Each structure stands twice: as C-alpha cells, then as structure tokens.
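Here's the structure, in structure tokens; my notes come after.
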Amino acid sequence: EEAAKCALISMDSTLKSNLSVGMPLDLLCYPGGSYSGDRRLRIEADNPYFKSLRGAWGERIKHAFRELPGLDWEQCAAK
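Note that the sequence shown ends on residue 69 in this note's numbering; no numbers are left out.
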C-alpha cells in the first residue's frame, strides 16, 4: 500500500512537470518475489482517491516548505 501511494504521488509530480504524460494512470501491484500482479487499477482524472491524495500531498509539501529554515546569505557566502 505504501509503495502504491508513493508511485501515485510520483506520477502526480510527473503529470505536472511533463506535458507528454497524461491521464489515465495504470497501476499494477504485485507481492515481492512474484511477477504475478493481482491488483490492477486504472485511475482517471476524476478519481476521488487520486484527487484527495494530490490535494493532501500539495498542502503538506507547502507546509513542510514553510517550516524549512530561512537562507542565511551571509553564512552561505562565507569562505
């Protein structure tokens, strides 16, 4: 489940940064050590879970960015 969530978040970033990539997304998950996929999804642009995931990720990444320390120009320029 965590790997699938990570893959979908990664694809969301790819969708935003690469115009040649578009919906739908096809997701196939299979157990480690196996090449037999038993969980398959096609995610369309209006998928409620994907919309919720990308919204939550966007909000949390903005929050994390705001919490980062500010750039100290003097300290960074010191040799």
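In this text, a Cβ means the ideal position worked out from N, Cα and C, and glycines have one as well.
Just so it is clear, the structure is predicted and the values come from calculations on it, not from any experiment.
Can you list, in chain order, the residues of its chain with a C-beta nearer than 7 Å to that of L31? Leave out the 5 residues immediately preceding and following it. What you label residue 31 is simply residue 41 of the sequence shown in a count that begins at 1. So the list reads L17, once near-sequence residues are dropped.
How is the beta strand (DSSP E) around D16 delimited, first residue to last? Here residue 16 is taken as the residue at index 26 of the sequence shown, counted from 1. Under the DSSP assignment, D16 falls in the beta strand (DSSP E) whose first and last residues are 15 to 19.
Excluding the 5 residues flanking T4 on each side, which residues of the same chain have their C-beta closer than 6 Å to its C-beta? Here residue 4 refers to the residue found at position 14 of the sequence shown. Result list for T4: V11, in chain order.
Would the beta-carbon of I(-1) fall within 8 Å of that of L61? Mapped onto the sequence shown, residue -1 falls at position 9. Mapped onto the sequence shown, residue 61 falls at position 71. Not closer than 8 Å, so no.
I'd like to confirm the pairing. Which residues does DSSP put opposite R32 in its beta bridges? One-based indexing of the sequence shown puts residue 32 at position 42. In the DSSP output, where bridge partners are listed per residue, R32 has D16.
In the DSSP assignment, find the alpha helix (DSSP H) that holds V(-8) and state where it starts and stops. Residue mapping note: residue -8 aligns to position 2 of the sequence shown, counting from 1. In the sequence under discussion, the amino acid at residue -8 is Glu, which differs from the Val named in the question. Counting along the chain, the alpha helix (DSSP H) containing E(-8) begins and ends at -8 to 7.
Under 7 Å Cβ to Cβ from F40, same chain only, skipping five residues before and after it: list those, please. Along the sequence shown, read from residue 1 onward, the residue named residue 40 stands at position 50. Shown here for F40: same chain residues with a beta carbon closer than 7 Å to its own, the five before and five after excluded, namely L(-2), I33 in chain order.
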